[in-house]
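Okay, so here's the structure we're looking at.
Numbering (the working numbering), first residue to last: 51 to 563.
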């Protein structure tokens, strides 16, 4: 599929000089996930988790004219990432295999075409693998760029690694880091600003406690949460019935590292214990205000005094916002931003991603070309990845039952498993070996269970490892010239003539995912 999309396969080094990553700034922005090593000369090298720097360096040295563009390159290569919590077996491992691709274009229009080609190719790849994936909007993170999508396989809640917000009506879809919503729970506030009033709120530190104490709805309160962004204090203001989205907040302040302030830091910054922070009177603190707060009037905030809150606070009059920026986490039943429906929260595992990188890397690494008028221009890039190691693991989280794996045909190690029931019966053994040879001759991947085990053990193991089609050879059915065929995804058993079994399996395989 990659070749059909016009991409050329290459192989790049796993190691990359640290200086290249320093030029793009990703040596600092990727953070602790970046895996490095030193050679015998104490020179630091990077074990690449992705190859944007390497491929940009390569293309910058080879492409000089617009006539050489567009260019699309891909590889299947080992990657390294120092994951903080490797989990799920093949998921989030420190070493993994990835198919990564990169496009280089002369114009934005051409780049959009290249992006669409890759997205279409990805859908074809996942379809051939038997996976129904959902393309969702995502945050570009340390990759940079203007636009990004993830290809998500929806799974049971406990197995998912990300929450997806999806509209069943217009099919808007985004991961939790990126999702936006239409507010359907606006507070009823007076249109005229009222003077502020400081009130005592003894024992009421949480939104719920303050709401109950003051007899108001939670959406009439504003949370002021203190974070440290690259060791500098940030106050994040969201409505009382909402939560802060840390990815959005990190983007709002362009921080490399962001974490909630601890209790001592909160008290040092606000002069009050946790639970009583507010924006009024804060000094030397960046104040990020969510748009849902910016449109409120006469709301309630912490007073930066122990057990006190301020009534009737208003933005601009009582405090200034450093920036108004969407920092709210979108949740189940929020309004869809594109239509009148409500969003549904689903759990998913990422199996692929695509990024419109723009000129971020080409500018840093000098990937330039001469256009038709002889003027020097920066190449416009795209980056695309499929997790080859994680895709089968994600499939298993989706396709399984109490008995074990139910492999999709496109990912199954073998299409057919042959189970001869009695290895002491020469006729059964001969039939199994002939059938094994016939399947191989027909170029069908086949596994022969020739272990001296009881039938029940073989059947249980067949369910456990989950090959799509099971062919059982027993004395009774063989006497009638038949074998028993069972699909892993079904409880039904079909008796098929031994002479027709290869064609039967071929036909059945075409109907399976």
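Beta carbons are placed, not taken as given, at the ideal position from N, Cα and C, and that holds for glycine.
Keep in mind it's a predicted model, so treat the numbers as computed, not measured.
DSSP three-state call for residue i: helix, strand or coil?
{"i": "residue 522", "result": "strand"}
{"i": "residue 133", "result": "coil"}
{"i": "residue 396", "result": "strand"}
{"i": "residue 329", "result": "coil"}
{"i": "residue 346", "result": "coil"}
{"i": "residue 511", "result": "helix"}
{"i": "residue 209", "result": "helix"}
{"i": "residue 113", "result": "coil"}
{"i": "residue 537", "result": "strand"}
{"i": "residue 365", "result": "strand"}
{"i": "residue 143", "result": "coil"}
{"i": "residue 551", "result": "helix"}
{"i": "residue 79", "result": "helix"}
Given residue i, which residues of its chain have a CB within under 7 Å of its CB, disregarding the five upstream and five downstream residues?
{"i": "residue 396", "result": "204, 214 and 216"}
{"i": "residue 257", "result": "268, 271, 273 and 290"}
{"i": "residue 309", "result": "277 and 278"}
Determine, using beta carbons only, whether residue i and residue j come nearer to each other than 8 Å.
{"i": "residue 178", "j": "residue 432", "result": "no"}
{"i": "residue 518", "j": "residue 446", "result": "no"}
{"i": "residue 189", "j": "residue 133", "result": "no"}
{"i": "residue 274", "j": "residue 352", "result": "yes"}
{"i": "residue 110", "j": "residue 415", "result": "yes"}
{"i": "residue 343", "j": "residue 289", "result": "yes"}
{"i": "residue 385", "j": "residue 234", "result": "yes"}
{"i": "residue 406", "j": "residue 225", "result": "no"}
{"i": "residue 56", "j": "residue 167", "result": "yes"}
{"i": "residue 515", "j": "residue 454", "result": "yes"}
What residues in its chain sit with their C-beta under 6 Å from that of residue i, if we drop five residues either side in the sequence?
{"i": "residue 520", "result": "467, 512 and 536"}
{"i": "residue 508", "result": "469 and 499"}
{"i": "residue 120", "result": "155, 160 and 164"}
{"i": "residue 211", "result": "399"}
{"i": "residue 72", "result": "none"}
Looking at the strands, I want to know which residues DSSP matches up with residue i.
{"i": "residue 419", "result": "427"}
{"i": "residue 127", "result": "148"}
{"i": "residue 506", "result": "In the DSSP output, where bridge partners are listed per residue, residue 506 has none listed."}
{"i": "residue 284", "result": "277 and 336"}
{"i": "residue 436", "result": "149 and 402"}
{"i": "residue 352", "result": "359"}
{"i": "residue 225", "result": "214"}
{"i": "residue 198", "result": "405"}
{"i": "residue 85", "result": "97"}
{"i": "residue 466", "result": "496 and 519"}
In chain order, what residues of the same chain have a beta carbon less than 8 Å from the beta carbon of residue i, not counting five sequence neighbours either side?
{"i": "residue 169", "result": "185, 199 and 404"}
{"i": "residue 99", "result": "80, 83, 84, 85, 129, 130 and 131"}
{"i": "residue 158", "result": "430"}
{"i": "residue 388", "result": "217, 220 and 222"}
{"i": "residue 502", "result": "473"}
At a threshold of 7 Å, does residue i count as lining the ligand FMN (C-beta to nearest heavy atom)?
{"i": "residue 454", "result": "The ligand FMN is absent from the structure shown, which contains no ligands of any kind."}
> Do the region 377 to 390 and the region 285 to 304 make contact, defined as three or more Cβ pairs closer than 8 Å?
Replying inline: yes
> Does the region 308 to 328 come close enough to the region 272 to 288 that 3 or more CB-CB pairs lie under 8 Å?
Replying inline: yes
> Should the region 542 to 556 be regarded as contacting the region 479 to 488, the criterion being three or more beta carbon pairs within less than 8 Å?
Replying inline: yes
> Does the region 146 to 153 touch the region 122 to 129, meaning 3 or more C-beta pairs lie closer than 8 Å?
Replying inline: yes
>> Across the region 354 to 364 and the region 244 to 261, are there enough close Cβ pairs to call them in contact, namely three or more that are closer than 8 Å?
In response: yes
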